[in-house]
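Visitor: Line by line, the protein sequences are chains A and B.
Taking our numbering, the leading residue of the first sequence gets 3, the next gets one more, and so forth.
Taking our numbering, the leading residue of the second sequence gets 7, the next gets one more, and so forth.
Heads up, the beta-carbon is just placed ideally off N, CA and C, and yes, glycines get one too.
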Amino acid sequence: AQKVTQAQTEISVVEKEDVTLDCVYETRDTTYYLFWYKQPPSGELVFLIRRNSFDEQNEISGRYSWNFQKSTSSFNFTITASQVVDSAVYFCALSGAGSYQLTFGKGTKLSVIP
Amino acid sequence: KAGVTQTPRYLIKTRGQQVTLSCSPISGHRSVSWYQQTPGQGLQFLFEYFSETQRNKGNFPGRFSGRQFSNSRSEMNVSTLELGDSALYLCASSSVGDRVYEQYFGPGTRLTVT
Chain A
3 AQKVTQAQTE ISVVEKEDVT LDCVYETRDT TYYLFWYKQP PSGELVFLIR
53 RNSFDEQNEI SGRYSWNFQK STSSFNFTIT ASQVVDSAVY FCALSGAGSY
103 QLTFGKGTKL SVIP
Chain B
7 KAGVTQTPRY LIKTRGQQVT LSCSPISGHR SVSWYQQTPG QGLQFLFEYF
57 SETQRNKGNF PGRFSGRQFS NSRSEMNVST LELGDSALYL CASSSVGDRV
107 YEQYFGPGTR LTVT
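#1: Counting only Cβ pairs nearer than 9 Å, list the residues of chain A close to residue 37 of chain B.
#2: Tell me the residue span of the beta strand (DSSP E) that contains residue 13 of chain A.
#3: Closest Cβ-Cβ distance between residue 106 of chain A and chain B: below 7 Å?
#4: Whose C-alpha, out of A/101, A/72 and A/26, is nearest the C-alpha of residue 94 of chain A?
#5: Any idea if residue 41 of chain A is buried or exposed, counting beta-carbon neighbours within 10 angstroms, 16 or more meaning buried?
#6: For residue 54 of chain B and residue 39 of chain B, which I take to be in contact (beta-carbon distance under 8 Å), what is that distance rounded to the nearest angstrom?
#7: Tell me the rounded alpha-carbon separation between residue 76 of chain A and residue 89 of chain A.
#8: In this structure, does DSSP put residue 87 of chain A in helix, strand or coil?
#9: Using Cβ-Cβ distances below 7 Å, what residues of the segment 59-74 of chain A are close to chain B?
#10: Starting from residue 77 of chain B, trace the beta strand (DSSP E) in both directions and tell me its first and last residue.
#11: Mapping the DSSP letters down to three states, classify residue 29 of chain A as helix, strand or coil.
#12: Where does residue 63 of chain A land, buried or exposed, given buried means 16+ other C-beta within 10 angstroms?
#13: Locate the beta strand (DSSP E) running through residue 36 of chain B, then write down its first and last residues.
#14: Give me the DSSP bridge partner(s) of residue 61 of chain A.
#15: Is the Cβ of residue 90 of chain B closer than 7 Å to any Cβ of chain A?
#16: Applying the criterion that 16 or more other CB atoms from any shown protein chain within 10 Å of the CB defines a buried residue, is residue 8 of chain B buried or exposed?
#17: Name the DSSP bridge partner or partners of residue 35 of chain A?
#18: Taking a contact to mean a Cβ-Cβ separation below 7 Å, would you say residue 51 of chain B touches residue 103 of chain A in this structure?
#19: For residue 51 of chain B, would you say it is in contact with chain A, using Cβ-to-Cβ distances shorter than 7 Å as the test?
#20: What residues from chain B crowd round residue 76 of chain A, counting only those whose CB sits closer than 7 Å?
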């Protein structure tokens, strides 16, 4: 069985602060995929990143960066210099090889205060 | 490219009725997945279709069903609605090739059962 844990239910930061959202996963698959999605108040899930289990290279995209560590089964997401527009619920998700079924964490609600 | 579209966006039904939700994937995408999102259970996988065939099904009762048409458009049906079926229903489509497994979500259909 697969499981994704996002221990942080809600986080509040002041604008321009850096914030890290934690994600820990469990899977027996040797090949799997990890994802982060953003869900603003409008409700639509916005795809942010996909990471393959065999690629542990960290990734940076503008103010966003992701730290994948297989040894600790973690896939953390950092927002640098947060902005009010970053306020949303962020979901970490996992799928096995050959599967389109996403297992989601419970989400972390991020509030960026001006 | 147009994104994933879902209709209707909002729906109010009475217990015992049935409902059909529609999803049009991104052009060229052949896989369509459905998810239910509730405050208590979070995001849960319902089923996934590829080339008109259901490839995977989540742990939901038989009242939940779906289908996919030759143009990749998909519908899901819920019969004998219960109060607990009130949720945001999200559809996602997935590409092929190097972006396989990246799922892009529609805005959702918010179903309220009274």
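Guide: In terms of the structure at hand:
#1: Simply 102.
#2: That run of the beta strand (DSSP E) goes 12-16.
#3: Yes - at least one Cβ of chain B is within 7 Å of the one on residue 106 of chain A.
#4: Cα-wise, what sits closest to residue 94 of chain A is A/26.
#5: Residue 41 of chain A should be labelled buried.
#6: Approximately 4 Å separates the beta-carbon atoms of residue 54 of chain B and residue 39 of chain B; this is inside 8 Å, confirming the contact.
#7: About 22 Å.
#8: DSSP places residue 87 of chain A in helix when its eight states are reduced to three.
#9: Residues passing the 7 Å Cβ filter: none.
#10: Residue 77 of chain B -> no beta strand (DSSP E), and no H or E assigned at all.
#11: If DSSP states are grouped into helix, strand and coil, residue 29 of chain A belongs with coil.
#12: Within a 10 Å sphere around the beta-carbon of residue 63 of chain A sit fewer than 16 other beta-carbons, which makes this residue exposed.
#13: Note, residue 36 of chain B: premise wrong, no beta strand (DSSP E); not H, not E.
#14: Partner(s): A/68.
#15: Judged by the 7 Å Cβ criterion, residue 90 of chain B is not in contact with chain A.
#16: Flag for residue 8 of chain B reads exposed.
#17: Assignment of beta-bridge partners to residue 35 of chain A by DSSP yields A/54 and A/97.
#18: Yes. Within cutoff.
#19: Closer than 7 Å to some Cβ of chain A, the Cβ of residue 51 of chain B qualifies, so yes.
#20: Per Cβ cutoff of 7 Å: no residues; residue 76 of chain A is ~20 Å from chain B at best.
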